[in-house]
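S.K.: Under this note's numbering, the residues of the sequence shown are numbered 586 to 804, in order. Think of the CB as a built atom: it goes at the ideal place given N, C-alpha and C, for glycine as much as any other residue. Dropping the structure in here first, questions after.
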Amino acid sequence: MSSLAERFAAVQASLPPTVTLVAVSKTRSVAEIQALYDLGQRDFGENYPQELRNKAPELPQDIRWHFIGHLQRSNVKHVLPLAHLVHGIDSAKLLDEVEKRAGGKSVEVLLQIHIAQENTKHGLDAQEAETVLQAHQRWPHVVFRGLMGMATFTEDTAVVSQEFRGLAGLFERLKALAPTPEDFDTLSMGMSGDAPLAIASGSTLVRVGTAIFGTRIYP
Ligand SMILES: *Cc1c(COP(=O)(O)O)cnc(C)c1O
């Protein structure tokens, strides 16, 4: 069996230097996260507000927490003080809540785009994302950093590649609509199973859990 250090090194070696690695640490213990931190990792991704709130105070303050789960409006006030980047913004109403809870600070977000065939995955379609960016003046404290998406869970690499390329194309088109196009620089796509395909399609950030930490066991 491989060690955490070996798996981490293999994932790092597979990434071009320009791609940010977010280590997805949902269900992982504080000790496991600390061990990866000690190997040099600083960007971690969490899906559940309560889990993030439990773990963050126990871990080094220079960790950059990415909130990658589905965010409910009732949880925005708990997540914003901890999150470096919120990946799952999927409605104007959620942005209203983010603006309200920003406390005068800038909040960095990604718009989540629905690219998969499954209808269980959250996200905006292209038209909705465009409408949101055109209305950006409603949310002066929100910094639009880019897009996030999840491909269909399938072995069919042609389907996955096509979805990633579609998202990359949308990312380029929407950049021009962002209030600060130079900040609209993050394309969050790719997980343990499909990171190479995502990178080939232009991903700038991958969210990898299993390939680093091993199989997740849900309590
Ligand atoms: C859990 C999760 C990941 C990581 O998935 P792995 O297959 O373990 O790499 C990435 N992104 C999101 C949104 C997730 O929920």
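Is it the case that the Cβ atoms of L667 and A641 are separated by a distance below 9 angstroms?
M.R.: Contact flag set, yes.
S.K.: Cα separation between R750 and F652?
M.R.: Distance between the alpha carbons of R750 and F652 is about 24 angstroms.
S.K.: Take G689 and list the residues in its own chain whose beta-carbon comes closer than 8 angstroms to its own, dropping the five residues that flank it on each side.
M.R.: Closer than 8 angstroms at Cβ, skipping near neighbours: H726.
S.K.: Tell me, which residues are paired with D628 by DSSP?
M.R.: Looking at the DSSP assignment, D628 forms a beta bridge with R649.
S.K.: Whole beta strand (DSSP E) runs in the region 636–705 with 3 or more residues, listed along the chain?
M.R.: If we require 3 residues or more, the beta strand (DSSP E) runs fully inside the region 636–705 come out as 649–652, 668–674, 692–699.
S.K.: Taking three-plus beta-carbon pairs below 8 angstroms as touching, is the region 686–700 in contact with the region 719–734?
M.R.: Verdict: yes, contact present.
S.K.: Under 8 angstroms: does the beta carbon of V587 sit that close to some heavy atom of ligand 1?
M.R.: The question names Val, but residue 587 is Ser in the sequence shown. Not under cutoff, so the answer is no.
S.K.: Quick check: does the Cβ of K611 come within less than 8 angstroms of any heavy atom belonging to ligand 1?
M.R.: K611 Cβ: within cutoff of ligand 1.
S.K.: Specify, as a first and last residue, the run of the alpha helix (DSSP H) that G799 falls within.
M.R.: Unbroken run through G799: none, as it is neither H nor E.
S.K.: Distance, Cα to Cα, V615 vs E643?
M.R.: The alpha-carbon atoms of V615 and E643 are separated by roughly 7 angstroms.
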